[in-house]
Amino acid sequence: MSGPLVVLVGPMGVGKSTVGRLLAERLGVAYRDTDEDIVAEQGRTIAEIFADDGECAFRAIEARAVARALAGHDGVLALGGGAVLDPRTRALLSGRPVVFLDADAGEAVRRIGRDPGRPLLAGDPHRRWCALAAARRPLYTEVARAVVDTGGRTPEGVVEAVLAALAPREAKA
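Under our numbering, the first residue of the sequence shown is numbered 1096, with each subsequent residue one higher.
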């Protein structure tokens, strides 16, 4: 199966973009982020898409962006936090080198801050992040070949953990 060498999934604030860029550099391949693809294609921010068209419309745009990236990118790919909500996306991720980056709520919310570009966290970011992460956790684990906890690690340390998690297992004699 052709496609990305690594696909990163997980809730917002776990470091998918930061780790993805470092991982791509380390592997000598291109980095791609489907959220960035959507913004470039739509000519507006994700928050604007949510405000103007609603979450349902955004998710349809996102599903198309993910399908294109999975078919046309062979480097490191980071998906938006909610991309796994679409069952077609989860089917496309099946059998691929997907890594679920996880973090505790406090750390993730601290990384995000009060970013107005995160419409799903409006109001009470900590409570909303916890609810989203809990609801999506089964979907992240469903598609992931490996889970890497980013808590207490530098971005470079997370890259090392991702590489170790995806390394071929030695056959036991």
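For each residue, glycine too, the CB sits at the ideal point set by N, CA and C.
Best match in the options for proximity to residue i [C-alpha to C-alpha]
{"i": "Gly-1123", "options": "Thr-1140, Leu-1100, Met-1107 and Ala-1198", "result": "Leu-1100"}
{"i": "Thr-1245", "options": "Gly-1105, Gly-1098 and Ser-1097", "result": "Gly-1105"}
{"i": "Val-1257", "options": "Arg-1231, Ala-1241 and Gly-1247", "result": "Ala-1241"}
{"i": "Ser-1189", "options": "Glu-1237, Glu-1143, Ala-1146 and Ala-1229", "result": "Glu-1237"}
{"i": "Gly-1098", "options": "Arg-1139, Phe-1145, Ala-1164 and Glu-1255", "result": "Ala-1164"}
{"i": "Pro-1182", "options": "Asp-1132, Arg-1231 and Ser-1112", "result": "Arg-1231"}
8 Å Cβ shell around residue i - same chain, five flanking residues per side excluded
{"i": "Gly-1110", "result": "Leu-1196, Ala-1198, Arg-1206, Thr-1245, Pro-1250 and Val-1253"}
{"i": "Pro-1271", "result": "Outside the displayed span of the chain (1096 to 1268) sits residue 1271, for which this structure offers no information."}
{"i": "Asp-1148", "result": "none"}
{"i": "Arg-1248", "result": "Ala-1256"}
Contact check, residue i vs residue j, beta carbons under 8 Å
{"i": "Asp-1128", "j": "Ile-1141", "result": "no"}
{"i": "Gly-1167", "j": "Ala-1119", "result": "no"}
{"i": "Leu-1234", "j": "Arg-1159", "result": "no"}
{"i": "Ala-1178", "j": "Val-1161", "result": "yes"}
Whole-number beta carbon distance between residue j and residue i, since they are thought to touch under 8 Å
{"i": "Leu-1103", "j": "Ala-1173", "result": "5 Å"}
{"i": "Gly-1175", "j": "Glu-1157", "result": "6 Å"}
{"i": "Leu-1180", "j": "Arg-1154", "result": "6 Å"}
{"i": "Ala-1229", "j": "Val-1243", "result": "Rounded, the Cβ-Cβ distance is 19 Å, inconsistent with contact."}
Close Cβ partners of residue i (< 6 Å) along its chain, the five nearest in sequence each way excluded
{"i": "Pro-1116", "result": "Correcting the residue type first, residue 1116 is Arg in the shown sequence and not Pro. Cβ neighbours of Arg-1116 beyond the five flanking positions: Tyr-1126."}
{"i": "Thr-1113", "result": "Pro-1250"}
{"i": "Pro-1263", "result": "none"}
Own chain residues within Cβ distance below 7 Å of residue i, not counting five before or after
{"i": "Ile-1133", "result": "Ile-1141, Ile-1156, Glu-1157 and Ala-1160"}
{"i": "Arg-1121", "result": "Val-1254"}
{"i": "Ala-1266", "result": "Here the model assigns Ala-1266 a pLDDT of 43, short of 50, so the residue's position is not dependable, and the following value carries that caveat. Contacts found: none."}
{"i": "Glu-1143", "result": "none"}
*Can you list the beta strand (DSSP E) stretches of 3 or more residues lying completely in the region 1167 to 1199, in chain order?*
Whole beta strand (DSSP E) segments, 3+ residues: 1171 to 1173 and 1193 to 1197.
_beta strand (DSSP E) segments (min. 3 residues) lying fully within the region 1096 to 1168_ = The beta strand (DSSP E) runs of length 3 or more contained entirely in the region 1096 to 1168 are, from start to end of the chain, 1101 to 1104 and 1126 to 1128.
*For the region 1229 to 1266, list the alpha helix (DSSP H) runs that are entirely contained and at least 4 residues long, ordered along the chain.*
Here the runs fully enclosed are 1250 to 1261.
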